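Number of protein chains: 2
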Amino acid sequence: MNAPALPDDRLDMVFQALANRTRRALLRRLAKGAEKVTSLAEPFGMSLNAISKHLQVLEAAGLVKRTVTGRVHTCALEATPMATAEEWLSFYEEFWNQKLDSFAEFVEAEQE
Amino acid sequence: MNAPALPDDRLDMVFQALANRTRRALLRRLAKGAEKVTSLAEPFGMSLNAISKHLQVLEAAGLVKRTVTGRVHTCALEATPMATAEEWLSFYEEFWNQKLDSFAEFVEAEQE
DNA sequence: AGGTATGTCAACCATATGGTTGAATAATGT
DNA sequence: ACATTATTCAACCATATGGTTGACATACCT
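Going down the list, the sequences are from chains A and B.
When we follow numbering that gives the first Met the number 0, the leftmost residue of the first sequence carries the number 0, and every step to the right adds one.
When we follow numbering that gives the first Met the number 0, the leftmost residue of the second sequence carries the number 0, and every step to the right adds one.
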């Protein structure tokens, strides 16, 4: 049920990989299905090389798996490391819930 | 209930802030209660200045709130931005659950 | 065999990161 | 008044990041 707890340096890499909107967009893209590098790169106003590098970052973080068939590299989402990241974050749920609750109360009180 | 959805560049900053084990450790520390900079810095094998910078990163990301009383800066955890990060991640839950389930099945089958 | 498509590698550039040391600012204690 | 404590600011350093361009290696098509 709970994720396989990455070591600290892997968690560094995962959060680092997520700390860029282009890479987050790539992951969202891959959530709809595996795709090859060129077609992944197409919608971004950026060189193919740049996207290639981003994909390498994602791959190093374990968030993307690559299958090479001939000259075409097919990238697929590998979400499991995110489970560890989310698990790390979930530790703080009580804190933000508390905050959000008191904000909700405030709004409610305001409406008298 | 759902978090106030940070803009992309704020989310960049939050994930970036989390992409460092020292900063994650600082947050864990602050989860136990607010503390001043010097005492926060003490257990890390690192200069006070380094910690001061890390705290600035956390503050810029909105993960730490600072209250200055005289010369002492008290830092407190501000977890709400993490809610947005977790929300972003939760989109992928179905993907990793699927993976973890099939792994569980594999283990089960293995034990015949 | 020759040309085209897919993708990486290598070098470069500007800026950011994570750390250091040393000096500066401001509040407290004696 | 003077020393001490708390903390930041400034400059520096090495390395990482996010992007570029140009060249290269393969695979596919005719």
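Just so you know, even glycine gets a beta-carbon here, dropped at the ideal spot from N, CA and C.
No experiment lies behind these values; they were computed from the predicted model shown.
Query	Result
So, helix, strand or coil for residue 70 of chain B, using DSSP?	coil
What does the Cβ neighbour count give for residue 13 of chain A, buried or exposed, with the cut at 16 atoms within 10 Å?	buried
Counting C-beta neighbours from all protein chains within 10 Å, is the total for residue 47 of chain A 16 or more, i.e. buried, or is it exposed?	exposed
Can you tell me the Cα-Cα spacing of residue 89 of chain A and residue 29 of chain B, whole angstroms?	15 Å
Can you list, in chain order, the stretches of the alpha helix (DSSP H) that have 4 or more residues and sit fully within the region 24–98 of chain A?	36–40, 47–59 and 79–89
Is it the case that the Cβ atoms of residue 77 of chain A and residue 85 of chain B are separated by a distance below 7 Å?	no
Determine the extent of the alpha helix (DSSP H) in which residue 17 of chain B is found, giving its start and end residues.	7–17
Do we get a CB-CB distance below 7 Å when we pair residue 81 of chain B with the residues of chain A?	yes
Inspect the beta-carbon positions of residue 71 of chain B and residue 16 of chain B and report whether they are closer than 7 Å.	no
Give every residue of the same chain whose Cβ lies closer than 7 Å to the Cβ of residue 4 of chain B, excluding the five residues on either side of it in the sequence, and list them in chain order.	83
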